[in-house]
Every structure is written in structure tokens, then in C-alpha cells.
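A quick write-up on the structure given underneath.
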Amino acid sequence: PNPPQPVATTSLGDEINPAVEWPWVIFQSRSTLNPSAPWQLRAVNMLTSFSELLSISTQDQLVPDIQGGRVVWQDWRDVGPGEIYFKNLDTAEVRRITTNSFGQYHPAIYGNWIVWQDNRNGQDDLYGFDFIRNREVRITATTNNETRVFLDGPWAICEDDSLGALTANAQLLHLPSLRSVPLTRSLTAKARPALAGT
Numbered sequence: 007p008n009p010p011q012p013v014a015t016t017s018l019g020d021e022i023n024p025a026v027e028w029p030w031v032i033f034q035s036r037s038t039l040n041p042s043a044p045w046q047l048r049a050v051n052m053l054t055s056f057s058e059l060l061s062i063s064t065q066d067q068l069v070p071d072i073q074g075g076r077v078v079w080q081d082w083r084d085v086g087p088g089e090i091y092f093k094n095l096d097t098a099e100v101r102r103i104t105t106n107s108f109g110q111y112h113p114a115i116y117g118n119w120i121v122w123q124d125n126r127n128g129q130d131d132l133y134g135f136d137f138i139r140n141r142e143v144r145i146t147a148t149t150n151n152e153t154r155v156f157l158d159g160p161w162a163i164c165e166d167d168s169l170g171a172l173t174a175n176a177q178l179l180h181l182p183s184l185r186s187v188p189l190t191r192s193l194t195a196k197a198r199p200a201l202a203g204t
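The numbering of the sequence shown is our numbering, which starts it at 7 and goes up by one.
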């Protein structure tokens with residue numbers, strides 16, 4: 007087997023929150039010489055060793071996700087606590103997805119969907135952007151918090167706190183129909199659900 011390869015080799019930088027889809031690794035990076043500097047996203051191609059900042063900003067860029075050479079992240083460059091941004095690594099297109107002054111967090115991308123948690127309604131709901139319809143879609147409309155979404159194909163899975171603030175359960179959503187079903191219903195805490203295939 008091949009030995010591990012370093013993605014970042016400088017001792018002058020902190021690197022956290024990687025998102026990986028071969029050959030790309032996307033991660034938050036900032037200089038250790040200036041701990042108050044904003045987190046910026048760096049893209050590294052492990053085949054070519056090409057490395058670049060994703061979209062230069064004077065504000066934090068956080069929690070990237072990547073699929074099909076397309077990256078999404080939470081970006082603080084606009085009014086409010088974070089907007090969702092998108093970049094196509096093949097075309098270099100950068101696009102602001104949300105324009106809401108409330109908070110948008112933890113985006114995920116798969117196929118024609120970007121989905122994120124959004125607190126514009128007083129609690130965390132899931133919102134999405136459908137590239138086919140080229141518009142934003144509200145995915146959940148409950149009094150509960152739906153957070154930490156993960157996508158695979160037409161499916162999303164998230165944490166749901168309908169049984170109480172410290173008892174997250176997993177909820178499965180079908181994005182084309184916006185129908186959902188609870189996967190777990192117990193008073194123990196679960197965290198960071200994920201999907202793969204079936």
C-alpha cells in the first residue's frame with residue numbers, strides 16, 4: 007500500500023475541517039502567525055499538487071463540502087452570520103446561493119441539490135437550492151430543529167430534536183417529494199448521521 011501523503015506541509019498554518027472527493031481536498035486554513043486572521047478555504051489537487059485559495063475573502067469561510075468538483079461552504083463576507091457560497095472547480099464559477107440576513111450553516115451538496123440549516127424562522131429548518139429549478143426551497147417547516155444535514159442521491163439525513171434539546175434523533179428526507187420519516191425515536195443523543203447507497 008502507498009504511504010500517507012501530506013496535504014499541507016507548512017508549519018505556519020492551521021488546517022481543519024477537510025472535505026475530500028478524489029482528487030480534491032478542501033479545508034479551512036489560516037496562518038499561525040495571525041490567530042485572529044479569518045479562516046480561508048484552500049483547494050488541493052492530490053494528483054497535480056495544485057493548490058489555491060477557493061475564493062479570497064476578508065471574513066471566515068467555514069465547513070466546506072464537495073461533490074462532483076463543486077464546493078459549498080458557509081461564508082461570513084456578507085451581512086448576517088453566514089451565507090452559503092458555491093464554487094465549480096472546473097469552471098472557476100463562484101456563486102452566492104443565499105441572500106438572507108439570518109444564519110445559514112453546515113451546507114451539503116449532492117447532484118442538483120445544496121441543503122443547509124437555516125434559522126430565519128426562529129429555529130433551525132432545512133433549506134435547499136435546486137439547480138434544476140434554479141431556486142431556493144424550504145425543506146422542513148416544523149417547530150423542531152433540523153440540523154447537520156448529509157446528502158446522498160435524492161436523500162438527505164439530518165439530526166432532529168423533536169424529543170428534546172439534548173436527544174437528537176435521525177430523520178430521513180426524500181428531496182424530490184419533501185417527504186420525511188424518523189429513523190430513530192429514542193431519548194439518547196445521536197450525532198452526525200450519514201448515508202451511502204442504501
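Glycine is no exception: its CB is placed at the ideal position from the N, C-alpha and C atoms.
Handout entry: Residue of T97, L181 and V77 minimising C-alpha distance to A114
Key = V77
Problem - Residues near A197 in its chain [Cβ-Cβ closer than 8 angstroms; skip 5 each side] - result: R154, E165 and A174
Practice task
Would you tell me roughly how many angstroms separate the C-alpha atoms of L157 and V121, rounded to the nearest one?
Solution key: 8 angstroms
Exercise for the section: Quick one: grab the DSSP three-state call for S168. Expected result: coil
Exercise for the section: Spell out the partners DSSP gives A162 in its beta bridges. Expected result: L157 and L179
Handout entry: F108 (DSSP reduced to helix, strand or coil)
Key = coil
Practice task
Evaluate L132 with the Cβ neighbour count: other Cβ atoms within 10 Å of its Cβ, from every protein chain shown; 16 or more gives buried, anything less gives exposed.
Solution key: buried
Handout entry: beta strand (DSSP E) segment containing P12, residue limits
Key = No beta strand (DSSP E) holds P12; DSSP gives it neither H nor E.
Problem - Same chain, Cβ closer than 6 angstroms to F92, neighbours up to 5 away in sequence not counted - result: V78, R101 and I103
Handout entry: Cut-off 7 angstroms between Cβ atoms - residues of its own chain near Y111, not counting five sequence neighbours on either side
Key = Q80, G88, W122 and Q123
Handout entry: Extent of the continuous beta strand (DSSP E) run through R83
Key = Run containing R83: none; DSSP gives neither H nor E here.
Exercise for the section: Can you tell me which of the three DSSP states R101 falls into? Expected result: strand
Handout entry: Close Cβ partners of N151 (< 6 angstroms) along its chain, the five nearest in sequence each way excluded
Key = Q129, D130 and D167
Handout entry: Extent of the continuous beta strand (DSSP E) to which R198 belongs
Key = Element bounds for R198: n/a, residue is neither H nor E.
Exercise for the section: Could you spell out the range, first to last residue, of the beta strand (DSSP E) harbouring W119? Expected result: W119 to D124
Problem - Per-residue burial, I22 [other beta carbons within 10 Å of its own, 16 or more giving buried] - result: exposed
Practice task
Over the uninterrupted beta strand (DSSP E) stretch that includes D20, give me the two end residues.
Solution key: G19 to E27
Exercise for the section: Pick out whichever of A202, P160 and T194 has its Cα sitting closest to the Cα of S186. Expected result: P160
Handout entry: Reduced DSSP secondary structure (H/G/I, E/B, other) of I115
Key = strand
Problem - Exposure label - G134; buried when at least 16 CB within 10 Å - result: buried
Handout entry: Same chain, Cβ closer than 6 angstroms to A200, five either side skipped, listed in chain order
Key = F156
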